[in-house]
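*Asks:* Please find one structure pasted underneath; my questions will follow.
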Amino acid sequence: MTAWQLDPNRCFSPEPSQRAVASELFEKVRGLPLLSPHGHVSPQYLLDDIQSPDPATLLVIPDHYVLRMLYSQGTPLERLGRQPLGGSPYEPDSREVWRRFCANFHLFAATPTGLWLKHELIDLFGVTERPSAESADRLYDHLCERLALPEYKPRALFRRFNLQFLSTTDGAADDLSVHARLREAGLPVAPTLRPDAVVDPTRADWTDALAALERRAQIPVDDYPGYLTAIRDRRAAFKALGSTATDHAALTAQVERLSGPQAAATYSALRAGRASAVDAARFAAHMLFELAAMAAEDGLVMQLHVGSLRNHHGALHLRFGADIGADIPIATEWTRSLRPLLEEFGAHPNFRVVLYGLDETNYSRELAPLAGHYPAVRLGAPWWFFDSVLGMERYLDAVVETAGITNLAGFVDDTRAYPSIEARHDVWRRVACNWLAGRVVRGLLDDDMAPWAAEALAYGQVKETFRLG
Amino acid sequence: MTAWQLDPNRCFSPEPSQRAVASELFEKVRGLPLLSPHGHVSPQYLLDDIQSPDPATLLVIPDHYVLRMLYSQGTPLERLGRQPLGGSPYEPDSREVWRRFCANFHLFAATPTGLWLKHELIDLFGVTERPSAESADRLYDHLCERLALPEYKPRALFRRFNLQFLSTTDGAADDLSVHARLREAGLPVAPTLRPDAVVDPTRADWTDALAALERRAQIPVDDYPGYLTAIRDRRAAFKALGSTATDHAALTAQVERLSGPQAAATYSALRAGRASAVDAARFAAHMLFELAAMAAEDGLVMQLHVGSLRNHHGALHLRFGADIGADIPIATEWTRSLRPLLEEFGAHPNFRVVLYGLDETNYSRELAPLAGHYPAVRLGAPWWFFDSVLGMERYLDAVVETAGITNLAGFVDDTRAYPSIEARHDVWRRVACNWLAGRVVRGLLDDDMAPWAAEALAYGQVKETFRLG
Amino acid sequence: MTAWQLDPNRCFSPEPSQRAVASELFEKVRGLPLLSPHGHVSPQYLLDDIQSPDPATLLVIPDHYVLRMLYSQGTPLERLGRQPLGGSPYEPDSREVWRRFCANFHLFAATPTGLWLKHELIDLFGVTERPSAESADRLYDHLCERLALPEYKPRALFRRFNLQFLSTTDGAADDLSVHARLREAGLPVAPTLRPDAVVDPTRADWTDALAALERRAQIPVDDYPGYLTAIRDRRAAFKALGSTATDHAALTAQVERLSGPQAAATYSALRAGRASAVDAARFAAHMLFELAAMAAEDGLVMQLHVGSLRNHHGALHLRFGADIGADIPIATEWTRSLRPLLEEFGAHPNFRVVLYGLDETNYSRELAPLAGHYPAVRLGAPWWFFDSVLGMERYLDAVVETAGITNLAGFVDDTRAYPSIEARHDVWRRVACNWLAGRVVRGLLDDDMAPWAAEALAYGQVKETFRLG
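Residue numbers (this note's numbering), protein chains in the order written: chain A, 227 to 695; chain B, 227 to 695; chain C, 227 to 695.
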C-alpha cells in the first residue's frame, strides 16, 4: 500500500502548458511571508502557547465546518464533543470523537475542508495514511505524540507558517491586555475591532454591549455624542495596539444617513426602549455610515461582510449556541444599499473599505464594477463557502476582467482553525497562479507581467489594502 | 460520406489525463442499473405495451422541448402536429411533421435535446445519417420499420434500459388501478403522488380537485380534519403500491405554519368562497408544512421543485393548453422561505426532502449550505434547463465543495420522453465521471476515492435518497 | 529585448485538440465583413473624416473604461484630461495624460480593455513595446506620426475594418442631416433611434426633450395622439435613412399596458405637472409597450437593454457629467416584467426584440428560456462588463444549451472607441470559435456542423436579427 500523499501539483490545471506556467509562478510566491489580517484565532491561545493535547480537540470539536458535514449526515453534535448549553460540563471522549471523524472522512472528498485537513495531516503532522475507521486509532496516537512536541506549540507554528502579521477579531468591550502582552512578547499580532454588538440595536445583546462598552471606555454612553466618543476611544485603543482595520458584519449592505439630530433622537429613543424595530434597523444602517466617517478620520480600513443569516436552525441554536455550521447565505444587494456611504466617502483619500459577500452573483454585477470605479473600494477575498478552489476560480473569473488585479484585496484566511492557516494560503496562492497561467497560455496576459500579478495576488495586494506597509 | 456517429468519449474533457480517468470511472458505472424515481412516463403506456407507429408521434409531437425550439424559430405548433383545444380532432400528418423536424435539426446543435436525440437515433434506432431535409423520408421509413419490431415495445425498452425502478407522477385523485396491474405484471414501477391541485387553493381547479379527491378517497373533505385525512389516505394508497416519495411544485419555496385552528378556519373560508387571495396563498404555504409533517410520519420522501412560472404565453396557453414549452423560470429564495419547515423537520430522523430549482444562483448561495447542514435535506439533480452537460457541470462545481457528495440526491431524468431515458442517464454518468476526473487530475480527490464517488453519483445516492434500498 | 507581440492564438484554449479546431474555425470567419448595428460612434466624426491628433485624445480621454480604471486607482479625472463642467475650458496636456496612462498600463492586465488596446496598438498602429513610464514618450511620438497619415483617417479605418454596416445612436430630436450626407457619400452608416428621453417622464429632461421632439417633427405633442404621431414620424425618418432598429434603455424591464384613455389621461397629467412619480414610472413602462406596438407596425427591431444604475457617484456626476465610468448594474427581473409585451407581440411576425442585460444570472434563468420560446425574441450579445473573453464564454455556456445558436443576436460592439471596433469583433469571433471547438472536441457538436455555427455567431445571426439582409 502506497502512502497517502499530497499532489505537488494540486490545484493546477492538468493541461501541460498551463501547469508549467502555474508551477513556475507558484515557485516564485510560495515562500513569501503570510499576511493574515482577518481571522479568528484566539489571542489567549497565542499568549499561553500551549497546544491542544489530541487531534479531536484540535481539529474536530472546534471546527464548525467539520462538525457541519458530519451533522448533515446524521451524527448528533453531542457525539462530536459539543456540549449542550446549560448542562453540566463533562470531558468529551476525544478518541471516540476522532474515530467518528475518521470513519466519515470520505464525506470531505472534493471539499476544501478535506483539502486543508489533508495538507495539515500530511505536511504538518507527518501522517502517511488516510483517516478511516481502520486507521483512526493509529492516527490518534501518532497525532497525540506529535502535539506534545515543542515544534507544535502555537508560537512555533507561527514561525513555521512564516506569518508576518496576524490579526484577531475582538469586541468593542474586549480587554486588550492580552494583545498588549503579545506585543511585548514581540509577536506581530494585532486586534481587529468588530463592534457589531454596540452598533446594531436590533440585536438582543445591544444594551448589555453598551454597558460593557461604557465600562471599558470609561466614557458615559447616555447620549449619542458620548456613545460616538466611546466608540472612537475604542478605535484609538485598538489602533494603539497595531490595528490597521476594523470588521463589520451585517445581514444586508443597507446604509442610511441620518442627520445628527435624527441620529441623536433615535439613539435616545432606543436607549429608553421607546423605538420601533424599524428605527432600530435604520439606526444600524446609519451607524455603518458613521463608522465609515470615523474610518475616514482615523484611517482604519473598514471591512464589511454581509449576507449571512446566522443561526438558521433555531432549535439547534438554542441547544448549542452560535457557530455550529447553520449560518446560511441570502441574496445580497450592494449597488443601491451602499450608495450613501460610497457617495460620501468612496473617493476620500483616507478611507478604504473591503467588501466581502456570500452571494456570488454580486461579483460581476455589483462588486467588481464598484471596485472598478470608487478609489476607496477593494474587493475582499472569496469568503467562507467560496474559500475553495472552485470558489476562488469563479471569483477571479468574475471580477478581474472588470476590476483588474489592483482593486482586489488579496487573500484573508478568516479562520479559527489555526493549524489550517498555511494550507489555506497555499490553496489561494496555487489557485491564483494557476488562474494567471490560464491567462498567459491563452495570450491574455503578457508572460512577463504574470510574476508581478502573482506577487500582487499572493502578497502585495493584501499588504497594500490593509495598510500593513 | 462517413456515417453519423456518437463519439465514444462524448462529454469528457479533451485533456488526455482527465479523459483517461473519466473514461476509466465511466466504465465502472455505465453498466449499473438505472433508477428513475422522478419522471412523467404514462403508466398506461407501460401497461398497454404498444409502441408509437412513427417517429413524429414518438419523438416530436409529445416533446415540448423539441416543439419549443421549432416554435421559437417560427414554426407554428399546428404544423408540428399539435391540435388547438376545442377544435375538431384530426390525424396529424406525421411524415410532414417529421420532415419539418428534420429540416430544422440544426437548431438543436449544441443543445441537450440534440444530444439525447442523437443518442436515441444512433444507439437505439440504428440511424446512420443526420436528420435533414434530404434524409427525412429515408429516416422516417427506417424508423417506422424499427418501431414495429417487438424490441421497441415499451417493456422491451424497459429491460434494455436496465431500469431497476421507475416512478410515474400522479394526481391525488388518480385511479391507481393501472399501477396495481403493473405491479401484478411484475414491473418495478410505482406511482408518485403530486397533490398540487388539492393543496393549492390559488389554482383555478382547486375546488374540482377536492371533489375528485373526496370521490377517490371516499372521505368527506367538508372540514379541515377530513381534508387532511383524505390526503393521508391517498398517501397510504400510493405507498401501498410501492411509492417511496411524493412530488410538490410551487412557484416559490414559501412555507408558513398556521396553527391548527387558523388552518381549519382558513380552509372553511376557502371552501365557502369567503377567503382572500392572500389567505389562499398562505394556506398553500401552510400545506407545504403540513405535507412535511405527513412525510415525517409516513416516511415518503418529499420532493419540492420551485421557480417555474407556468404558461407564460397566455394566448398560446388558451389555444393549446399547458406543456407547450412556455414555462419560464423566476428568481427563487430558499433560505428564509423554507426555514419554518426546516426548523421543525430538518433534523427529524424519518423526514427527507429533496430540493430542485431553476435558479442556478441558489446552488452555492442557499441550497448547498442548507444541504450541508440539515440532515433531512438532499439537493436534487439539476432540473430541466440544467439537465444538460454544462448545467450539470455548473451544478457540481457549485455544490460539491460545500455539501459534499453525500448530500446530493443523484440523478433523476424527469422525462416524459420515454426513449430518451437511457440517453439522459448516460449524459449524467459521463458528466459526473468527467467532473470527478477533473478533481483527481488536479490533486483534489484521491484517485482511490474516485470510484466510490462515481458510484455514489451514478447510482448509490439516488437509491439511498429515495429509500429504494 | 523582444518586441511586444499579439499571440496569434489568443483567446483559444491551450488544449491542443480544441485549439486546432478553434483555429480552423476562426480562419473561416476572421475575414468576414463586420456588421456593427449597435454602437456610439459619432456620425460627425465619420463625416468630417479628421483623425484625432494624438493618442491621449484618441484613446484615453474619451474612453470611460480607460478613465474608470485609472480613477479607481487614485488618479483624478482632471489629470486625465477631463474638464469639470462649468469651468473655463482649457486644452488638456495630452502628453501628460498619455504618460499617466502608460505608467499605469499594468492596471489593465487581464482585462478586456487591455486586450483591445494591445490589439489596436500593435496591429493597427505598429507599436512594438508595451506602454510604460519609460516608453511613454516614444510611443506618443510614434502614434502622433501615425495618426497624421491618411490611412488613419476615420473613413480609411472604416474600409480597413471591412465594416459592411455601422449604426450610430441618436436621440429622437437629433438632426439627421449628418446621416443624410453620410448616405450621399456612400457610407453604409445608419442612425438608430434611442428615444429614452421622450418616453420616460421620470427623467429630468423629459419636458425639454418633448419640446425638441415637437420642433424636430413639426407635430404638436400637446396631447397623447399627437405625441405618438410625433414619435412615429421620427421612426419613419430614421427608417428612411437606413435604420433597421431602435434602442431603448431602462433601469428595469418593467412593461405595463395602459388602456388608450388611461395613457392619454396620464400623459395630460404629466404634461400639466399634476402626475405622481408612480404615474410617471407607469407611463414609462407603458411606453415600452407602445414602442413594441410601433415596432410590430414598422418592422424596426427593438433593442432593450436594462439594469444599469446610471451616475451612481453623485458628486462626480455633478462635477463631470455622465459617462465617466460610474454606471453600476443592479439585479434584473425579466420573466414577469416583460410578460405583457411578450404576450402581445412575442409571436407577431413583424416584431423582433433583442434583449441585453448586465445581470448574468438572467442568462440561463430567464433570457435563454424566453428566447427559446418566443419567436420574436433574440438574445443580445454579452453587454458592457461582459464584452470580454470570460464574459462571452459564460454567456455562451449559459444560453446556448437552452436557446440554441439561432435565437442569439450575434455580436454588437456597442462602442464609442472607434479604433477598437476591429479588436472587439476579433475577440468575439475567437471566443465563439473556441467555444464551438470545445463542443466539438467533447463530442457535443458534429464537426461538420461547427463551421455553420461559427459563421452564424460571427456574422449570420446579427445580419438576420437586425434585418440587414
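C-beta atoms are modelled at their ideal positions from N, C-alpha and C, and glycine is treated no differently.
For clarity, every value in this text was computed on a predicted model and none was experimentally measured.
Taking Gly307/C as part of the beta strand (DSSP E), name the residues at either end of that continuous run.
*Replies:* Note, Gly307/C: premise wrong, no beta strand (DSSP E); not H, not E.
*Asks:* Rounded to the nearest angstrom, what separates Met618/A and Tyr644/B at their Cα positions?
*Replies:* Going by the C-alpha atoms only, they are around 40 Å apart.
*Asks:* Can you list, in chain order, the residues of the region 600-632 of chain B whose Cβ is nearer than 7 Å to any Cβ on chain A?
*Replies:* The residues in question are Tyr600, Pro601, Asp623, Val626, Glu627, Thr628, Gly630, Ile631 and Thr632.
*Asks:* So for Val579/C, helix, strand or coil by DSSP?
*Replies:* DSSP places Val579/C in strand when its eight states are reduced to three.
*Asks:* Below 8 Å, can you find three or more Cβ-Cβ pairs linking the region 233-248 of chain A to the region 326-339 of chain A?
*Replies:* No, because fewer than three Cβ pairs between the region 233-248 of chain A and the region 326-339 of chain A fall closer than 8 Å, the two stretches do not touch.
*Asks:* Pick from Ala602/B, Thr632/B, Tyr600/B and Val638/B: whose alpha carbon is nearest that of Pro608/B?
*Replies:* Nearest C-alpha to Pro608/B: Val638/B.
*Asks:* Look at the Cβ atom of Leu280/C, then the Cβ atom of Tyr378/C, and state whether they are nearer than 8 Å.
*Replies:* Looking at the sequence itself, residue 280/C is Asp, so the reference to Leu does not match. No, the pair does not count as a contact, with Cβ atoms beyond the cut-off.
*Asks:* Quick one: is Val286/C buried, meaning 16 or more other Cβ sit within 10 Å of its Cβ, or exposed?
*Replies:* Result: buried.
*Asks:* Please look up how many angstroms separate the CB atoms of Gln309/C and Val404/C, rounded, as I've assumed it's under 8 Å.
*Replies:* The Cβ separation is near 25 Å, so there is no contact.
*Asks:* Could you give the distance in angstroms between the alpha-carbon of Ser298/C and the alpha-carbon of Ala602/A?
*Replies:* If I take the Cα positions, the gap works out to 8 Å.
*Asks:* Say whether the region 353-364 of chain A touches the region 248-255 of chain A, bearing in mind that this needs 3 or more beta-carbon pairs closer than 8 Å, one atom from each stretch.
*Replies:* No: the two stretches stay apart, fewer than three of their Cβ pairs being nearer than 8 Å.
*Asks:* Is Met714/C close to chain B, meaning its C-beta is less than 8 Å from at least one C-beta of that chain?
*Replies:* The displayed coordinates of chain C run from 227 to 695. Any statement about residue 714/C would go beyond what the structure contains.
*Asks:* Spell out a yes or no on whether the region 435-445 of chain A and the region 454-470 of chain A are touching, meaning 3 or more CB-CB pairs, one atom from each, closer than 8 Å.
*Replies:* Contact between the region 435-445 of chain A and the region 454-470 of chain A is present, because at least three Cβ pairs lie under 8 Å.
*Asks:* Can you give the beta carbon distance from Pro263/C to Ser393/C, rounded, assuming they're within the 8 Å contact cut?
*Replies:* Confirmed, about 5 Å.
*Asks:* Touch check for the region 575-583 of chain B and the region 565-579 of chain A: three-plus C-beta pairs under 8 Å?
*Replies:* No, because fewer than three Cβ pairs between the region 575-583 of chain B and the region 565-579 of chain A fall closer than 8 Å, the two stretches do not touch.
*Asks:* For Thr691/B, name the three-state secondary structure that DSSP assigns.
*Replies:* It is helical.
*Asks:* Please report how far the alpha carbon of Trp560/B lies from the alpha carbon of Glu592/B, in whole angstroms.
*Replies:* So the alpha carbons of these two residues sit roughly 6 Å apart.
*Asks:* Verify the contact flag: Ala416/A, CB atom, against every heavy atom of the ligand ZN, threshold strictly below 7 Å.
*Replies:* The ligand ZN is not part of the structure shown, which contains no ligands of any sort.
*Asks:* Would Thr587/C count as contacting chain B if we go by Cβ distances under 8 Å?
*Replies:* So yes, Thr587/C belongs to the interface.
*Asks:* Could you tell me the boundaries of the alpha helix (DSSP H) in which Arg604/A lies?
*Replies:* Taken as a continuous stretch (DSSP letters only), Arg604/A belongs to no alpha helix (DSSP H), being part of the beta strand (DSSP E) at Val603 to Leu605.
*Asks:* Suppose only complete runs of 3+ residues qualify. What are the beta strand (DSSP E) ranges in the region 238-273 of chain C, listed by chain order?
*Replies:* Those beta strand (DSSP E) runs which fall completely within the region 238-273 of chain C and span 3+ residues are 260-262.
*Asks:* In chain order, which continuous runs of the beta strand (DSSP E) of length 3 or greater are located wholly inside the region 463-517 of chain C?
*Replies:* 471-476, all fully within the region 463-517 of chain C.
*Asks:* Rounding to the nearest angstrom, what Cα-Cα distance links His290/C and His543/C in this structure?
*Replies:* Approximately 13 Å, taken between the alpha carbons.
*Asks:* Alpha carbon to alpha carbon, what distance is there between Thr339/B and Val292/A?
*Replies:* Approximately 40 Å between the Cα atoms of the pair.
*Asks:* Using only the alpha-carbon positions, how far apart do Ala548/C and His599/A sit?
*Replies:* Ala548/C and His599/A: Cα-Cα distance of roughly 14 Å.
*Asks:* Can you name the residues that DSSP bridges to Ile554/A?
*Replies:* DSSP lists Leu535/A as partners of Ile554/A.
*Asks:* Hey, does Met528/A have any beta-carbon neighbour from chain C nearer than 8 Å?
*Replies:* Taking Cβ atoms only, chain C never reaches closer than 8 Å to Met528/A, which makes this a no.
*Asks:* Determine the contact status of His474/C and Leu535/C, defining contact as a CB-CB distance below 8 Å.
*Replies:* No, they are not a contact pair.
*Asks:* Assign Ala489/A to buried or exposed, taking buried as 16 or more other Cβ atoms, counted over all protein chains shown, within 10 Å of its Cβ.
*Replies:* Per the 10 Å Cβ criterion, buried.
*Asks:* In this structure, how does DSSP classify Val323/C when only helix, strand and coil are distinguished?
*Replies:* Helix.
*Asks:* How close, in whole Å, do the beta carbons of Ala443/B and Leu402/B come, if the pair is a contact with beta carbons under 8 Å?
*Replies:* With a Cβ gap of about 12 Å, Ala443/B and Leu402/B do not count as contacting.
*Asks:* With DSSP as the reference, label Phe571/B as helix, strand or coil.
*Replies:* Note: Phe571/B maps to helix in three-state DSSP.
*Asks:* Going along the chain, which unbroken runs of the alpha helix (DSSP H) with 4 or more residues stay wholly within the region 420-460 of chain C?
*Replies:* Qualifying alpha helix (DSSP H) stretches, in chain order: 422-425 and 432-443.
*Asks:* State yes or no: is the beta carbon of Pro595/C nearer than 8 Å to at least one beta carbon in chain B?
*Replies:* It does; some Cβ of chain B falls within 8 Å.
*Asks:* Determine the burial state of Trp311/A: buried for a count of at least 16 other Cβ atoms within 10 Å of its Cβ, exposed for fewer.
*Replies:* As written in the sequence, residue 311/A is Leu, which differs from the Trp given in the question. When all chains shown are included, Leu311/A counts as exposed.
*Asks:* Comparing C-alpha positions only, which one of Glu569/B, Val653/B, Gly499/B and Pro446/B sits nearest to Gly540/A?
*Replies:* Taking only the C-alpha atoms, the option nearest Gly540/A is Glu569/B.
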